[in-house]
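Novice: In full-length UniProt numbering, the protein residues as written are 1 to 327. Glycine included, each C-beta is placed from N, C-alpha and C at the ideal position. Being a predicted model, the structure only gives us computed values, none of them experimental. Take a look at the following structure, please.
What follows is the structure in structure tokens.
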């Protein structure tokens with residue numbers, strides 16, 4: 001029975017150490033107790049040959065030693081148990097902290113990965129927006145260039161149409177002016193012709209009247225002459241006829257001089273008419289030359305205006321502003 005008790009205590013200690021998951025250090029620390037129990041057991045075997053009184057004393061000593069060893073073993077066991085519990089809790093806490101740190105690290109990595117993915121998506125979205133904005137700006141620039149070219153072409157066609165209309169108007173004005181000048185010239189020629197006809201008619205009428213008056217005077221003179229000749233003697237008649245012949249010759253000379261003077265005056269009138277017609281023609285030609293020079297000057301000015309770039313009143317002047325407004 002006494003031999004079995006240390007063995008039972010030893011098994012209990014080992015079971016407690018095994019149940020609590022004690023380490024090798026705990027087993028090593030319990031080894032002296034086991035050795036002392038073995039020593040006591042050996043001593044107890046050796047004391048079986050002693051006397052009863054010695055045996056009783058030996059048993060009491062053995063019990064006291066065993067109780068002391070047991071107390072020390074229990075204290076040591078409790079101390080080791082507490083240390084093991086502290087180590088277990090520390091290890092559990094450390095394991096928990098490691099798990100928490102690992103979870104935090106995983107969460108941090110996941111967060112960083114999520115943030116990186118979000119940043120990558122944001123960068124991709126920003127790059128897409130930038131590319132779309134650049135494409136939109138390029139499209140707007142192309143549209144602006146097309147509109148600018150369209151406006152320039154429209155302005156060029158408008159200016160060409162205005163030049164064409166001005167040229168047509170100028171030609172119409174020149175034709176109208178030429179027709180007016182032609183009408184004026186014809187009117188002046190007609191007036192001169194009428195004046196010439198009237199002058200010729202007046203001269204002819206005067207000549208007819210003069211001829212009629214001359215015939216009347218000649219008839220009266222002849223009648224008077226015949227009456228005088230009947231009353232004259234032969235000598236008086238011869239003298240009278242001689243004087244009459246001299247008077248006739250003088251009269252014919254005077255009439256010839258008058259005829260020549262009339263021809264000269266008529267020639268002067270014709271020359272004046274021709275000179276007036278020539279002057280009118282020269283004035284018309286000068287006016288035509290002046291009109292042609294003015295037309296040429298206008299065409300040169302219009303060609304210079306077409307050649308020079310027109311002022312940009314479209315979106316071209318606001319290109320930078322439109323880009324700023326777009327951005």
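1) Once DSSP output is grouped into helix, strand and coil, what is the label at residue 44?
2) Quick check on residue 267: buried or exposed, where buried means 16 or more other Cβ atoms within 10 Å of its Cβ?
3) Thinking residue 181 and residue 287 are a contact (beta carbons under 8 Å), I'd like their distance in whole angstroms, please.
4) Would you call the CB atoms of residue 291 and residue 174 closer than 8 Å?
5) Nearest to residue 280 by CA position, among 269, 249, 185, 223, is which residue?
6) Does the region 242-252 touch the region 143-159, meaning 3 or more C-beta pairs lie closer than 8 Å?
7) Just verifying my parser: in three-state terms, what is the DSSP assignment at residue 232?
8) Can you tell me whether residue 120 is buried or exposed, with buried defined as 16 or more other CB within 10 angstroms of its CB?
9) Please say whether residue 273 and residue 196 have beta carbons closer to each other than 8 Å?
10) Let me know the secondary structure DSSP gives residue 237 once reduced to three states.
11) Going straight from the alpha carbon of residue 303 to that of residue 265, what length do you get?
12) Would you kindly work out how many angstroms separate the C-alpha atoms of residue 256 and residue 263, rounded to a whole number?
13) How many angstroms separate the CA atom of residue 69 from the CA atom of residue 97?
14) Please confirm whether residue 170 and residue 298 have their CB atoms less than 8 Å apart.
15) Do residue 199 and residue 269 have their C-beta atoms within less than 8 Å of each other?
16) Leaving out five residues on either side along the sequence, give the residues of the same chain with a beta carbon under 6 Å from the beta carbon of residue 136.
Specialist: According to the data block:
1) Its pLDDT being 46, under 50, residue 44 is placed unreliably by the model, and the measurement read from it follows with that caveat. Residue 44 falls in the helix class under three-state DSSP.
2) Exposed: under 16 other Cβ atoms inside 10 Å.
3) Confirmed, about 6 Å.
4) In contact: residue 291 and residue 174 (Cβ atoms closer than 8 Å).
5) Selected option, being the one with the closest Cα: 185.
6) No contact exists between the region 143-159 and the region 242-252.
7) Looking at residue 232 - three-state DSSP - the assignment turns out to be coil, as it is neither helix nor strand.
8) The residue is exposed, with fewer than 16 neighbouring Cβ atoms inside 10 Å.
9) At the C-beta level, residue 196 and residue 273 come within 8 Å of one another.
10) Note: residue 237 maps to helix in three-state DSSP.
11) Going from the Cα of residue 303 to the Cα of residue 265 covers about 56 Å.
12) The straight-line gap from Cα to Cα measures roughly 10 Å.
13) In a straight line, the C-alpha of residue 69 is about 40 Å away from that of residue 97.
14) The beta carbons of residue 170 and residue 298 sit closer together than 8 Å.
15) Taking 8 Å as the Cβ cut-off, residue 199 and residue 269 qualify as a contacting pair.
16) Same-chain partners within the cutoff: there are none.
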